[in-house]
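Peer 1:
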Amino acid sequence: MAFDLKGAFNAVNKEALDNCLGQRRIPSQARKWISSFISDRSASISFDGFTKPASTLSYPGLL
Numbered sequence: 085m086a087f088d089l090k091g092a093f094n095a096v097n098k099e100a101l102d103n104c105l106g107q108r109r110i111p112s113q114a115r116k117w118i119s120s121f122i123s124d125r126s127a128s129i130s131f132d133g134f135t136k137p138a139s140t141l142s143y144p145g146l147l
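If you read the sequence shown in my numbering, its first letter stands for residue 85, the second for the next number, and so on.
What follows is the structure, encoded as structure tokens:
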């Protein structure tokens with residue numbers, strides 16, 4: 085099994101996304117959670133007793 089999330093959120097405009105979600109009446113708390121999810125990202129891998137320390141993703145930003 086493999087996951088490739090590289091660049092999945094790099095092109096998201098945070099303000100535009102929040103405006104779009106607001107227009108669709110997504111609750112403020114959910115919009116804050118989404119914003120947090122796509123900001124300041126880090127990753128860690130755990131498998132079969134091995135855990136790699138969390139690393140900041142090299143390009144977590146939003147354009």
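For glycine and all other residues, C-beta sits at the position ideal for the given N, C-alpha and C.
Predicted model only: the values in this text are computed from it and were never measured.
Just to confirm, is the Cβ distance from R115 to D132 under 7 Å?
Peer 2: no
Peer 1: Do F131 and the ligand MG come close, with the Cβ less than 6 Å from some heavy atom?
Peer 2: Within the structure as shown, the ligand MG is missing, as the structure has no ligands at all.
Peer 1: Helix, strand or coil for S123 per DSSP?
Peer 2: coil
Peer 1: Which whole-angstrom value is the C-beta distance of A138 and S126, which I expect to be below 8 Å?
Peer 2: 5 Å
Peer 1: By how many angstroms is the C-alpha of K98 removed from the C-alpha of G106?
Peer 2: 12 Å
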